[in-house]
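Enquirer: Okay, handing you the structure first.
4 protein chains.
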Amino acid sequence: MIIFLKNNCENNELEKLKNTIKSMNLKFKLYNHGERNIIELIGEDRYFSKERFETFTCVEKVVKILKPYYLVSKEYKNETIIKFNDFEIKNNNFTIIAGPCSIEDRDMTFEIAHFLKENGIKIMRGGAFKPRTSPYSFQGNGMKALEYLKEASEKYNLLTVSEAVGIDVLKEIKNYVDIVQVGSRNSQNFELLKNLGSINKPVLLKRGFMNTIEEFLQSAEYIALRGNKNIILCERGIRTFENQTRNTLDISAFPLIKLNSNLPIISDPSHAAGRRDIIPTLAKASMASGANGIIVEIHPNPEKALSDGKQSLNFKEFQSMVKELINLSSALNIKIN
Amino acid sequence: MIIFLKNNCENNELEKLKNTIKSMNLKFKLYNHGERNIIELIGEDRYFSKERFETFTCVEKVVKILKPYYLVSKEYKNETIIKFNDFEIKNNNFTIIAGPCSIEDRDMTFEIAHFLKENGIKIMRGGAFKPRTSPYSFQGNGMKALEYLKEASEKYNLLTVSEAVGIDVLKEIKNYVDIVQVGSRNSQNFELLKNLGSINKPVLLKRGFMNTIEEFLQSAEYIALRGNKNIILCERGIRTFENQTRNTLDISAFPLIKLNSNLPIISDPSHAAGRRDIIPTLAKASMASGANGIIVEIHPNPEKALSDGKQSLNFKEFQSMVKELINLSSALNIKIN
Amino acid sequence: MIIFLKNNCENNELEKLKNTIKSMNLKFKLYNHGERNIIELIGEDRYFSKERFETFTCVEKVVKILKPYYLVSKEYKNETIIKFNDFEIKNNNFTIIAGPCSIEDRDMTFEIAHFLKENGIKIMRGGAFKPRTSPYSFQGNGMKALEYLKEASEKYNLLTVSEAVGIDVLKEIKNYVDIVQVGSRNSQNFELLKNLGSINKPVLLKRGFMNTIEEFLQSAEYIALRGNKNIILCERGIRTFENQTRNTLDISAFPLIKLNSNLPIISDPSHAAGRRDIIPTLAKASMASGANGIIVEIHPNPEKALSDGKQSLNFKEFQSMVKELINLSSALNIKIN
Amino acid sequence: MIIFLKNNCENNELEKLKNTIKSMNLKFKLYNHGERNIIELIGEDRYFSKERFETFTCVEKVVKILKPYYLVSKEYKNETIIKFNDFEIKNNNFTIIAGPCSIEDRDMTFEIAHFLKENGIKIMRGGAFKPRTSPYSFQGNGMKALEYLKEASEKYNLLTVSEAVGIDVLKEIKNYVDIVQVGSRNSQNFELLKNLGSINKPVLLKRGFMNTIEEFLQSAEYIALRGNKNIILCERGIRTFENQTRNTLDISAFPLIKLNSNLPIISDPSHAAGRRDIIPTLAKASMASGANGIIVEIHPNPEKALSDGKQSLNFKEFQSMVKELINLSSALNIKIN
């Protein structure tokens, strides 16, 4: 950390700053630049806040060199591979996760599971507890939905993912699914993140729609720090002024995460677009950008969906998209899971 | 709700749509506008999602007339007054809440409580559990902090507010403080909101820095729907591209909330600005805009604060701001609490 | 246009509204919906402003059905093809435009032109007049740069594109280049757009970094309306809160423009990213999303560039990117220009 | 400027960097920080771009200490006062500018001028050339409007302000009005700004709705650098995700500009709000925040306005707002102009 002092900072002010640094057990060097001084903190200052020093009246600016995360960074490890029996979520693989926004009833759950199996898809998503902006919107079928999902996935030998909207739900859900999802609105629910750090299932962590990539990686660090390093990141669009899409898919997040983090990252084109017609295009763009997979909403009859019907593909649209992705994957030397 | 159909929508498509509406027990009227048809849903459709109909291929657009909240709206009630023994948070009153970002130790807690009492302030804020972006930042002193806060507030006869970062914390905190705060990152933590609906303490609900005013009011509706209508809204800045402030205080939120909601709304200039120098100005602007109060961070020695020192006023700065606010209040016919 | 009236709108208010509509020579129908009335305007109301009616106190909301542009829409024409002697910018083609941010001197201009020719690139970009945020930044070499560009392009038989920063520059530049560019900060400089409507060269119109897709198409409509329908749109990133990239490439813009407009659209990954390392990835994502080409900044020695060096590819990086694009194009049935 | 090098930067890379610095006639000091080196550039580097150095592969980060503007800064001068015969735009004064969005006809122009005179307002705004998002919207009455404005203002002894949408219009308009306005969409039209630098009338420069405060001040610097230092800044709202207002008034801009710039700044609550009902509240908030005035749209009959009727106050609303402002001004020791 480098502390830039203002011109002509008075001696007693400088002494106060030095004493504070000493009281934190940090070493430092003072560089004299004419009227201006610069202080470099020496040692492990990764976890010290810039703001701690910016409050001193004689401090102009503080610059951190180190990144505010470590366990999820490339410096800690080159790549985290999420392993299941028959396949892996990792670089040069592209994993397709699909299923309904919410598990509406037993029949549709089995219908979708059967469809996925027939089409070679290995992970099924299905919402049981739904976080909804309005208290009057459909909130999901809860435990009953989890049971349907478990039953159907066992019959068709599928892995499953569903969202834990809070700690109470987490306690239950981790016994029913193979991957626990954290939704966009909970991406900075730090209490939930801490609890996810001690489960022994992979976590699918969605980016908050108003979080920077750096904040996103710090949320992942919360989980990793408690011991669970099996984290799959998911870019699902950020809030911008553009209103023809529900959110703006931040396509740059894929290469940037790959440069900085050891974690796999997948794309959620359904929530980014919020409209069915451009989902296949966004899926292809995600693959071309280095995403390790996608999670998409499908429904046998989107017009009758209880939630998110507008952004769910029907079976035919989904098959057509998969075909396009397979075609693309060969040009990119990617294996589709 | 009004459903605009596309030109030349085919008959079987139209029949499917009609049947869906009927299956929802809604009545409707079909208006023939040349090539285009328009359907009006009749009855209480406030809680039906537009998206339910937007998925039909022959639907062009759906428009809702009613607002997606009710209990917190002006239509339900003109004004919600939050009453304590000796004063009320309400229109034409301006309540000043102040205290440290986090309760660092017993001494500073009493020092601040004593200062507030001497300056006529009646509500003390103090963080015990801190939601921090980085897992390596100071996370607050927890239960010990709540005990100091309770002890100090009893000695100086102050009301208190502190944040519940999750359901577990809520169970404890509601026994220690007079007002339970929901932070910006938890503003759409719906599980937490539901639990706040059944406590018998007022809730101070901060606007998510990524939420529209309409989403903000829906979060409040979550709490009200479970029975707790004692909600104080708090505007604390939204995320924008401007980078000289931590967030952009949305000054328009005050008059807009007053037009649409029965709830009081206060301002948090500390988190909006993220810098000490413009806090008093933002406080005055908030008062001039109809805010019912402010919540500000103060510290006896901001340079030594363990968190948010950069945006904490020292005692002298706080007194000077209060003086300016008193001066302004007389011109606006507002009583300072 | 549909005008929704408020409940119990009084008769004299309704009469005022009706008279206004009549005075605009529009016909209308009044639909009685119980307490609420709805008025449909009949005829060509595409170019009437909603706000014209929203000011009436008894109007709740006004909805337009028609889009605010026409000549650049799919309804006017299915596809606009930009033709040059030896190739076309159109669907299923992918045109690569490359060159320096600014034409620094004669030697580098010829060096780059030679490099492009050798690598099969047919359009060279080169800045002569540079719009810079700071008046103290390098503003380009002006007319001399245009001369170098013309000379080099003639020698190597390349087409050229350069930016018109204003009407004065436009008068000159149209005699020197084959395509006239409008920069992002001028995307709503309507006086400039009007003047571009009467030149007989294609226009490369960049999206304003703070403009919606609908505003972008209206800017194009300004040009088309004056008679010049040879417009190439260019998505170059929008301003968001994410700060690891200069702007956020709005990848959804490609499929959305293709759905709504007859114009070709290319991608500018250099300005979107603002950093060299992810440009090739964004180029591939753009191709996979249906973009009709890219415009990229290259420099023989980016470290010595007078502007935008940070986001310029060197020759080797450029060649490697082109190779990847060629590889990808076969899987997508796209022909690289 | 401080250049942070990466760890273990190789010697030949370091030599390249040093030579570049020398070739720019800058002096520097190299500080050895263990594995990492830091270079400080010495001398007047205010106008050198950071990016010039960020392109070197061994450079980690570059930090500028100096601000990228000077003539409009507090360091150049403490306060710029805009003087007219009978009053001044300056601190502790609050200037009210009002008038129609566009000059529709001769009668309304005289009606408004008369109204302003009677109410003690000294500056009249009136649009003649209107920048509109859609080419089909009303574009203003042009020269005829300027003539009406001049005639009316002379009769009633008012100062006037109108917008120059481009260089051609500027040539005319500067002969008709007392203050030349630059609109939000032209705030980075650098060719126009350069031309404004050589006129001898004050310029009212609106902040681009997509510009940071620092960019805004650099736009002002463009004008000042060519010799015209009579600039009035105007905050008119920035684009955010909130959709109940047309833009979000950035109330923090007033104190921040006052801290950093010598220029006066006024507020445009009409364009920020885009709706009539909250304009008076935003005007009061602006005054409380240190704004030096407001510019508001009024219309004798907003329901009939050809443009912006939705955000224009009628005469009665305007008078009521002025009364509130007068009331507030006494508490703030501000003189209303």
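Residue numbers (my numbering), protein chains in the order written: chain A, 20 to 356; chain B, 20 to 356; chain C, 20 to 356; chain D, 20 to 356.
All residues carry an ideal CB built from backbone N, CA and C; glycine is no exception.
Everything numeric in this text was worked out from a predicted model, so none of it was measured.
Does the beta carbon of Ala-239 (chain D) come closer than 8 Å to any beta carbon on chain B?
Expert: no
Enquirer: By alpha-carbon positions, which one of D:Lys-329, D:Ile-353, D:Asn-311 ends up nearest to Ile-100 (chain D)?
Expert: D:Asn-311
Enquirer: Any beta carbon from chain D within less than 8 Å of Gln-207 (chain C)'s own beta carbon?
Expert: yes
Enquirer: Please go through the same chain and pick out, in chain order, the residues whose beta-carbon is closer than 7 Å to the beta-carbon of Arg-258 (chain D), but skip the five residues on each side of it.
Expert: Phe-228, Met-229, Asn-266
Enquirer: Can you find the residues in the same chain that come closer than 8 Å, C-beta to C-beta, to Leu-178 (chain C), ignoring five residues on each side of it along the sequence?
Expert: Phe-103, Lys-141, Ile-142, Met-143, Ser-172, Asp-197, Ile-198
Enquirer: Would you say Arg-125 (chain B) reaches chain A, if we count a Cβ-Cβ gap shorter than 8 Å as a contact?
Expert: Taking 8 Å as the CB threshold, Arg-125 (chain B) stays off the interface with chain A.
Enquirer: If the cut is a Cβ gap below 8 Å, which residues of chain D does Gly-246 (chain C) touch?
Expert: None at all; the shortest Cβ gap to chain D is about 12 Å.
Enquirer: Measuring alpha carbon to alpha carbon, tell me which of B:Phe-47, B:Phe-72, B:Leu-301 ends up nearest Glu-32 (chain B).
Expert: For the options B:Phe-47, B:Phe-72, B:Leu-301, the alpha carbon positioned closest to that of Glu-32 (chain B) is the one of B:Phe-72.
Enquirer: Could you tell me if Glu-137 (chain C) is buried or exposed, where buried requires 16 or more neighbouring beta carbons within 10 angstroms of its beta carbon?
Expert: exposed
Enquirer: Spell out whether any CB of chain C is found under 8 Å from the CB atom of Arg-265 (chain B).
Expert: Chain C, which has no Cβ nearer than 8 Å to the Cβ of Arg-265 (chain B), makes this no.
Enquirer: Could you tell me whether any Cβ in chain C is nearer than 8 Å to the Cβ of Phe-67 (chain B)?
Expert: no
Enquirer: I'd like the ranges of any alpha helix (DSSP H) spanning at least 4 consecutive residues and lying wholly in the stretch 247-312 of chain C.
Expert: 272-279, 288-292, 298-307
Enquirer: What residues in its chain sit with their C-beta under 7 Å from that of Asn-111 (chain C), if we drop five residues either side in the sequence?
Expert: For Asn-111 (chain C), where only same-chain residues beyond five positions count, the Cβ hits under 7 Å are Asn-352, Ile-353, Lys-354.
Enquirer: Quick one: what's Ala-164 (chain C) bridged to in DSSP?
Expert: In DSSP, Ala-164 (chain C) forms no bridge with anything.
Enquirer: Is Tyr-50 (chain D) close to chain A, meaning its C-beta is less than 8 Å from at least one C-beta of that chain?
Expert: Contacts with chain A at 8 Å (Cβ-Cβ) include Tyr-50 (chain D).
Enquirer: Output, in chain order, the set of chain B residues within a Cβ distance shorter than 7 Å of Arg-258 (chain C).
Expert: Phe-260
Enquirer: Within the 8 Å Cβ cut-off, does Val-78 (chain A) reach chain D?
Expert: no
Enquirer: If distances are taken between C-alpha atoms only, which option among D:Tyr-167, D:Lys-37, D:Leu-275 comes closest to Tyr-195 (chain D)?
Expert: Taking only the C-alpha atoms, the option nearest Tyr-195 (chain D) is D:Tyr-167.
Enquirer: If you pair each beta-carbon of the stretch 277-287 of chain D with each one of the stretch 249-263 of chain D, do three or more pairs fall below 8 Å?
Expert: The stretch 277-287 of chain D is in contact with the stretch 249-263 of chain D.
Enquirer: Hey, Ser-68 (chain A) and Ser-156 (chain B) are a contact pair by Cβ (cut 8 Å); roughly how many whole angstroms apart?
Expert: 6 Å
Enquirer: Taking only three categories from DSSP, how would you classify Ala-171 (chain B)?
Expert: If DSSP states are grouped into helix, strand and coil, Ala-171 (chain B) belongs with the helices.
Enquirer: Listing by chain order, which chain A residues have their CB less than 7 Å from the CB of Val-201 (chain B)?
Expert: Correct list: empty, because the minimum Cβ distance to chain A is about 12 Å.
Enquirer: Using a Cβ-Cβ distance under 8 Å, would Val-184 (chain D) count as near chain A?
Expert: Chain A, which has no Cβ nearer than 8 Å to the Cβ of Val-184 (chain D), makes this no.
Enquirer: So who's on the other strand from Gln-200 (chain B), going by DSSP bridges?
Expert: B:Glu-182, B:Leu-223
Enquirer: Take the Cβ of Thr-76 (chain D) as the centre, count every other Cβ of all protein chains shown within 10 Å, and call the residue buried at 16 or more, exposed below.
Expert: exposed
Enquirer: Looking at chain C, is there any beta carbon in it that lies within less than 8 Å of the beta carbon of Glu-34 (chain D)?
Expert: no
Enquirer: I want to see whether chain C comes within less than 8 Å of Glu-73 (chain D), judged by CB atoms only; does it?
Expert: At a cut-off of 8 Å, the C-beta of Glu-73 (chain D) has a neighbouring C-beta in chain C.
Enquirer: Under a CB-based cut-off of 8 Å, is Val-341 (chain D) close to chain A?
Expert: no
Enquirer: With a cut-off of 8 Å, does the C-beta of Val-81 (chain A) fall near any C-beta of chain D?
Expert: Under the Cβ criterion of 8 Å, Val-81 (chain A) is not counted among the residues facing chain D.
Enquirer: Just the chain A side, please: which residues come within less than 7 Å of Ser-156 (chain B) by C-beta, in chain order?
Expert: Ser-68
Enquirer: Go through its chain and collect everything with a Cβ distance to Lys-213 (chain D)'s Cβ below 7 Å, but skip five positions before and after it.
Expert: Tyr-241, Arg-245
Enquirer: Please tell me whether Ile-108 (chain A) and Thr-114 (chain A) are closer than 8 Å, where the distance is taken between their beta carbons.
Expert: Note that the C-beta distance between Ile-108 (chain A) and Thr-114 (chain A) is below 8 Å.
Enquirer: According to DSSP, is Glu-210 (chain C) helix, strand or coil?
Expert: The answer is helix: DSSP assigns Glu-210 (chain C) an H, G or I state.
Enquirer: Give me the Cα-Cα distance between Ile-192 (chain A) and Leu-332 (chain D), rounded to the nearest whole angstrom.
Expert: 56 Å
Enquirer: Who pairs with Thr-50 (chain D) in a beta bridge, going by DSSP?
Expert: The sequence given here has Tyr at residue 50 (chain D), not Thr. Beta-bridge pairing links Tyr-50 (chain D) to D:Ile-57.
Enquirer: Short of 6 Å in beta carbon distance, which residues of its chain neighbour Ala-164 (chain C), apart from the five on each side in sequence? Order them along the chain.
Expert: Ile-122, Ala-147
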